[in-house]
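**Student:** Pasting a structure below so you can have a look.
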Amino acid sequence: MNDCVFCKIVKKEIPTEFLQESKDAVIFKDIKPSAPVHYLVVSKKHISSIKEVEHENEALIGHLVHEAKIAAEKLGLSGYKLVFNVGREGGQVIDHVHLHILGGWPR
Numbered sequence: 087m088n089d090c091v092f093c094k095i096v097k098k099e100i101p102t103e104f105l106q107e108s109k110d111a112v113i114f115k116d117i118k119p120s121a122p123v124h125y126l127v128v129s130k131k132h133i134s135s136i137k138e139v140e141h142e143n144e145a146l147i148g149h150l151v152h153e154a155k156i157a158a159e160k161l162g163l164s165g166y167k168l169v170f171n172v173g174r175e176g177g178q179v180i181d182h183v184h185l186h187i188l189g190g191w192p193r
């Protein structure tokens, strides 16, 4: 995907500070946060949406969740939400699989 903003971030064509990076994912702050703490866990493999995930991608999706857990611990979040938006009607804006880490609300 030549015009995919997340592919460009993954390839470091768009400068972005990563909270963490693994072989299969990167994590960085959302530029339009909808929570006090809002990070994105982005697959390095371009898959447009959860709707496009196949059996062969199950480990990758599990990896994104595990990376989110590690990031939440680094961020000191004791509670948080993990959200996949699926399709425009589900709030997905960028056509590239990514998981939102949302937290930081007062108790």
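Numbering (this note's numbering), first residue to last: 87 to 193.
Using N, Cα and C, we set each Cβ at its ideal position, and we do this for glycine too.
Predicted model, so just to flag it, every value in this text is computed and none were measured.
1) So, using beta-carbon positions, are V183 and S135 closer together than 8 Å?
2) So, for N143: in the same chain, excluding its five sequence neighbours on each side, which residues have a beta-carbon less than 7 Å away from its beta-carbon?
3) Assess contact between the region 144-159 and the region 114-121, defined as three or more Cβ pairs (one per stretch) separated by less than 8 Å. Is contact present?
4) So E144 is in the alpha helix (DSSP H); what residue range does that whole segment cover?
5) Where in the region 98-128 do unbroken runs of the beta strand (DSSP E), each at least 3 residues long, occur, reported from the N-terminal end onward?
6) On the DSSP bridge assignment, give the partners of V169 in chain order.
**Tutor:** On the basis of the data shown:
1) Reading the sequence shown from its first residue, position 97 is the one you call residue 183. Reading the sequence shown from its first residue, position 49 is the one you call residue 135. Contact flag set, yes.
2) Along the sequence shown, one-based indexing puts residue 143 at 57. Only I133 meet the Cβ criterion.
3) no
4) Reading the sequence shown from its first residue, position 58 is the one you call residue 144. Unbroken alpha helix (DSSP H) run through E144: E144 to K160.
5) 104-107 and 111-115
6) Looking up residue 169 in the sequence shown gives position 83. Answer by DSSP bridge pairing, in chain order: H186.
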